[in-house]
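K.L.:
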Ligand SMILES: [Zn+2]
């Protein structure tokens, strides 16, 4: 283990975020490296500050947000009953889908020769799928990126 | 290395308490317009959510408002919730994103008001004028956290101030656990660096915060 790796591991070790095997490896490095021993003490100091801050009590102002929230939900329910809203939304979605199908069916009826060629814009030949030149494998989105796209809102 | 081997006393509050199966039942009931069921979900999670949001905004009234907004948003999106997953991480993802969006908007407005309010008389910062406040550890920690980029700060706040596990943070932020661990290490380094810089403690010899390439393993 070099000092750079040791420092990363120390930052995890300080909050007990290392496995026993990783801890052993780190201990091995620390026993032999005075510079990292100093860094280890400083890491512990920084972590202790966070721990003290965490230990301080946080007191909400109100007992619960539910009384206000339930009033808001009731008011909204009176203005916009959920079932009705969902039906309206579904209707809108179906209409939008129909419009899209119509637009695409119109586009596919245009003769192929008159459609712009994406590859030709860059003066090259059309490639059916983009290929990473170094690896020679087709580019695919990362699995986590796919999952992130499936989430309800973008993760920070 | 003594400290590594000594178990820390940690508050064990996991995101799937009290029971993810009963959460799923309540979500199902709430989807059928059972507001009492939704109320039970709110009561289960509100204290934790308010605390988490407070760690980011450092203002209790605002934290409660944002928590309320989160629960409204969650209620509107109940149909989109995948019942095979845990409700807690989903709720916290919406809450944390809402809070971060709020902070980003506030930051943008702040930059704008720097231009528009330049002519105004400079009002002294009350937190600096009051020595009691200046000594407040939470305030100080909050100030140092503001120096750390958002993606690291978020992980540090959830892990070290709210005791989420790295796997829970991965679920909340929709990232791989390896990514979260990488960010956590970077965040702790940066916190220690800026804290030391601000408070005159010794700085690590061989660390300066840099835009390190993030492991996406
Ligand atoms: Zn070393």
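Protein chains in written order, with the working numbering: chain Z, -17 to 138; chain U, 56 to 272. Here a beta-carbon is modelled for each residue, glycine too, at the ideal position from N, C-alpha and C. Just so you know, these numbers come straight off a predicted model, no measurement behind them.
1. Output the residues surrounding ligand 1, defined as those with a CB atom closer than 6 angstroms to any ligand heavy atom, in chain order.
2. Looking at chain Z, which residues of the segment 113 to 130 of chain U have a Cβ within less than 7 angstroms of any of its Cβ atoms?
3. Can the beta-carbon of residue 129 of chain U be found less than 7 angstroms from the beta-carbon of residue 146 of chain U?
4. Let me know the secondary structure DSSP gives residue 35 of chain Z once reduced to three states.
5. Under 7 angstroms Cβ-Cβ, which residues of chain U neighbour residue 40 of chain Z?
6. For residue 24 of chain Z, is the classification buried or exposed, using 16 other Cβ atoms within 10 angstroms of its Cβ as the cut-off for buried?
7. Can you pull the chain U residues whose beta carbon is under 7 angstroms from the beta carbon of residue 84 of chain Z, in chain order?
8. In angstroms, rounded to a whole number, what distance separates the CA positions of residue 158 of chain U and residue 6 of chain Z?
9. Pick helix, strand or coil for residue 166 of chain Z, following the three-state DSSP scheme.
10. Identify the contact partners of residue 10 of chain Z in chain U, using a Cβ-Cβ distance below 9 angstroms as the criterion.
11. Is residue -12 of chain Z close to chain U? Criterion is C-beta to C-beta, closer than 7 angstroms.
12. Give a yes or no on whether the minimum CB-CB distance between residue 90 of chain U and chain Z is below 7 angstroms.
13. Around the Cβ of residue 134 of chain U, are there at least 16 other Cβ atoms within 10 angstroms (buried) or fewer (exposed)?
14. Among residues of its own chain, excluding the 5 on either side of residue 79 of chain U, which ones have a beta-carbon nearer than 8 angstroms to its beta-carbon?
15. Is the CB-CB distance between residue 112 of chain U and residue 35 of chain Z below 7 angstroms?
16. Listing by chain order, which chain U residues have their CB less than 8 angstroms from the CB of residue 47 of chain Z?
17. Looking at residue 235 of chain U: is its Cβ nearer than 7 angstroms to the Cβ of residue 221 of chain U?
18. Measure the Cβ-Cβ separation of residue 212 of chain U and residue 110 of chain U and say whether it is below 7 angstroms.
19. Using a cut-off of 7 angstroms between C-beta atoms, extract the partners of residue 44 of chain Z located in chain U.
20. Leaving aside the five residues before and after residue 199 of chain U along the sequence, list all residues of the same chain whose C-beta is less than 8 angstroms from its C-beta, in chain order.
21. What residue range is occupied by the uninterrupted alpha helix (DSSP H) comprising residue 229 of chain U?
22. Give the secondary structure of residue 201 of chain U by DSSP, where H, G and I count as helix, E and B as strand, and everything else as coil.
23. Could you give the first and the last residue of the continuous alpha helix (DSSP H) run that contains residue -10 of chain Z?
24. Cβ closer than 7 angstroms: which chain C residues qualify as neighbours of residue 28 of chain Z?
P.N.:
Short version:
1. Z/-15, Z/-12, Z/11, Z/15, Z/17 and Z/18
2. 115, 116, 119, 122, 123, 126, 127 and 130
3. yes
4. helix
5. 106 and 109
6. buried
7. Going along chain U, no residue has its Cβ under 7 angstroms from residue 84 of chain Z, so there is no contact; the nearest lies around 27 angstroms.
8. 41 angstroms
9. As displayed, chain Z neither begins before -17 nor continues past 138, which places residue 166 of chain Z out of reach and without an answer.
10. None at all; the shortest Cβ gap to chain U is about 10 angstroms.
11. no
12. yes
13. exposed
14. 138 and 142
15. no
16. 97, 101, 105, 119, 122, 123 and 126
17. yes
18. yes
19. 119
20. 246, 249, 250 and 253
21. No alpha helix (DSSP H) contains residue 229 of chain U, which DSSP labels as neither H nor E.
22. coil
23. -15 to -5
24. Chain labels in this structure do not include chain C; the protein chains are Z and U.
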